DNA sequence: AACGTGACCCTAG
DNA sequence: ACTAGGGCCACGT
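This is the structure we're talking about:
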């Protein structure tokens with residue numbers, strides 16, 4: 214077998230198959246309705262405090278996947294906002310107002326594309342889940 | 001294989 | 001207190 218790669222430990226991707234997509238998918242899915250979390254919190258829970266970007270990327274993929282499958286959003290991406298509580302990803306939703314609409318539907322007040330009482334509704338997986 | 005992009009976060013002046 | 005810049009992670013071409 215010409216398996217050239219014997220990836221030494223400590224290189225990129227320490228975990229064997231840490232599918233960021235599936236990982237984020239699962240964490241966000243655990244976010245209860247009426248609560249909101251941030252990309253950084255999810256990233257931190259995954260172990261990468263600075264991987265918040267990848268979290269957003271994975272979320273987009275999962276959301277688009279759901280749309281492609283024409284099913285209900287398996288991942289409540291609308292409950293994920295940036296560290297400032299702003300709906301930075303609202304522009305990437307099927308509709309520019311889908312995120313806010315969904316949040317308000319769950320009782321989350323949104324003003325000026327920003328979650329009201331974001332700190333109060335904040336849901337940290339590292340804290341809630343441990 | 002390398003460069004560039006992106007729903008971000010943190011540190012420094 | 002505010003503004004500016006750099007950095008990390010993953011994916012596409």
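Residue numbers (my numbering): 214 to 343.
Think of the CB as a built atom: it goes at the ideal place given N, C-alpha and C, for glycine as much as any other residue.
Keep in mind it's a predicted model, so treat the numbers as computed, not measured.
With contacts defined by Cβ atoms closer than 9 Å, residue 312 and residue 302 form a contacting pair. Between the alpha carbons of residue 298 and residue 250 lies a distance of about 8 Å.
Inclusion of residue 308 and residue 317 in the CB contact set at 9 Å is not warranted, their separation being larger than that value.
Following the DSSP letters along the chain, one finds residue 317 inside the alpha helix (DSSP H) bounded by residues 311-318.
Taking a contact as a CB-CB distance under 8 Å, the pair residue 265 and residue 256 counts as one, their CB atoms being some 4 Å apart. Bridge pairing for residue 335: 249 [DSSP]. About 5 Å separates the beta carbons of residue 253 and residue 296, which is inside the 8 Å limit, making them a contact pair. Residue nearest to residue 287 within the set 330, 238, 245, 324 is 238 (criterion: CA-CA distance). Each residue's CA atom was taken as its position, placing residue 258 and residue 234 some 14 Å apart. For the set 232, 248, 241, the Cα lying nearest the Cα of residue 333 is the one of 248.
With respect to residue 293, residue 340 sits apart: the two C-beta atoms are not nearer than 9 Å.
Boundaries of the alpha helix (DSSP H) harbouring residue 234: 233-242, taken from the DSSP string.
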